[in-house]
Ligand SMILES: Cc1cc2nc3c(=O)[nH]c(=O)nc-3n(C[C@H](O)[C@H](O)[C@H](O)COP(=O)(O)OP(=O)(O)OC[C@H]3O[C@@H](n4cnc5c(N)ncnc54)[C@H](O)[C@@H]3O)c2cc1C
Ligand SMILES: O=C(O)[C@@H]1CCCC=N1
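In UniProt numbering, the protein residues as written are 1 to 406.
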């Protein structure tokens, strides 16, 4: 597949005007997950008349942003993520102050991986280069700092000191509330069914028709279903993730209150390396430990995907490295990832309609970036130069596997 091509069909230029709202918005945002909610909030902060549309009744558990906790960290393999997190931490605490709520709890993040492997060294070097506060643990002092975890033979370990837990559900409620306080309008239980591009974009939903100068699409796992209306298809794969919680043999052993850290294993060839976890928090006595790869799914039929092949891998890991946990998941919940081929986000404008922008493919690590994604999508939708270099996130990197239909 070569260049992006866009040829509007005549049907698209004739919006259905039944139930047309007389209000013209500055911007419509589709999808009230973390990315759409922060984008709407940023737009409202800039005094833009903004409408946030959501297909489900809020709050809901059918996308990617639900659940009580997410990891926040600066530890990354790539400089550009580590550097974006600088401002992102500031924006999270600004939101906490504005709304008078706590959204972040510092626990640290333990990074473990074969000491001389490419991935482990990338984390270590990126953190050193960017002066991220960290502590390197040796096999000798590891258990003194991190009791009740077994460091695998040959593994290195470091701690990203300022990493921690974000309270996800609370964050979503907070940012949506602040958006409304700024005069923003949220319409939930309104599924977008059609989009008509133009200098004024027309958006049809299950309940009405709305118009705006610009449109932002942040539809999570449904991104390609929405983008199909404007002739774009991205190389995205939606996966269902089994969110597993494991019971402590002695309650409190791995508790957030004791500052037990979040952790992740760096990547490697072995299948049992795609594992990460958070301290016990939302369900007292239960630690969240998940596998970073799931079975492919259609977001409208998530629960038909029943692959549990990851559970065996997790059980072996828990039995080997977390002696204080019962190696049988006590609770299994569901969430979805939307993956790009390189696991980097998509932040871009439509190649033919510069007033339609989209954020997609957050590849299972986008929550912590919500405030900065919101700022960047807001800037793109206003036609401004974005605050960060977006080249790692542009769709032109997919040329060769970006389908353009219509
Ligand atoms: C198990 C799990 C663990 C994770 N852990 C971390 C972590 O520790 N740290 C981290 O930073 N990130 C983490 N992530 C990733 C992070 O949660 C996601 O990247 C982020 O939530 C994606 O948000 P989103 O707004 O793009 O998508 P969503 O939250 O899915 O939002 C999209 C919204 O669009 C709506 N929508 C779709 N189609 C339509 C339509 N036609 N009309 C109206 N509305 C529509 C959907 O209903 C949905 O509400 C994790 C994800 C999962 C699943
Ligand atoms: O984004 C994160 O921090 C987590 C942990 C690693 C895998 C995915 N999400």
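Even for Gly, the Cβ is constructed at its ideal location relative to N, Cα and C.
How long is the line joining the alpha carbons of residue i and residue j, rounded to whole angstroms?
i	j	result
residue 85	residue 19	43 Å
residue 400	residue 138	45 Å
residue 387	residue 87	11 Å
residue 360	residue 237	11 Å
residue 184	residue 44	6 Å
residue 128	residue 246	33 Å
residue 405	residue 292	The pLDDT assigned to residue 405 is 40, lower than 50, so where the model puts this residue is not dependable; a value taken from the coordinates is nonetheless given after this. Residue 405 and residue 292: Cα-Cα distance of roughly 31 Å.
residue 123	residue 76	5 Å
residue 216	residue 141	49 Å
residue 2	residue 266	For residue 2, the predicted model reports a pLDDT of 28, less than 50, meaning its position is unreliable and no value from the coordinates is stated.
residue 4	residue 154	For residue 4, the predicted structure reports a pLDDT of 35, less than 50, and the residue's modelled location is therefore unreliable. The matter cannot be settled from this model.
residue 208	residue 21	7 Å
residue 80	residue 389	9 Å
residue 198	residue 357	13 Å
residue 398	residue 347	13 Å
residue 378	residue 39	6 Å
residue 275	residue 34	23 Å
residue 96	residue 176	13 Å
Hey, would you say residue i sits closer than 9 Å to residue j, going by beta carbons?
i	j	result
residue 295	residue 307	yes
residue 62	residue 103	no
residue 287	residue 105	no
residue 393	residue 345	yes
residue 235	residue 341	yes
residue 329	residue 311	yes
residue 188	residue 55	yes
residue 165	residue 107	yes
Contact defined as beta carbons within less than 8 Å: I believe residue i pairs with residue j. What is the distance between those atoms, to the nearest angstrom?
i	j	result
residue 327	residue 315	5 Å
residue 72	residue 201	Their Cβ separation, rounded to whole angstroms, is 34 Å, which puts residue 72 and residue 201 out of contact at 8 Å.
residue 52	residue 32	5 Å
residue 94	residue 130	At roughly 21 Å, the Cβ-Cβ gap does not stay under 8 Å, so residue 94 and residue 130 are not in contact.
residue 239	residue 336	7 Å
residue 212	residue 26	6 Å
Can you check DSSP and say which residues form a bridge with residue i?
i	result
residue 212	25 and 201
residue 237	339
residue 217	30 and 358
residue 248	325
residue 121	Answer by DSSP bridge pairing: none, since residue 121 is not bridged.
Taking 8 Å as the cut-off, does the CB of residue i come closer than this to any heavy atom belonging to ligand 1?
i	result
residue 60	yes
residue 50	no
residue 409	Outside the displayed span of the chain (1 to 406) sits residue 409, for which this structure offers no information.
residue 276	yes
residue 168	yes
residue 337	yes
residue 22	no
Following a CB-centred definition, is residue i positioned closer than 8 Å to any heavy atom of ligand 2?
i	result
residue 374	no
residue 396	no
residue 71	yes
residue 361	no
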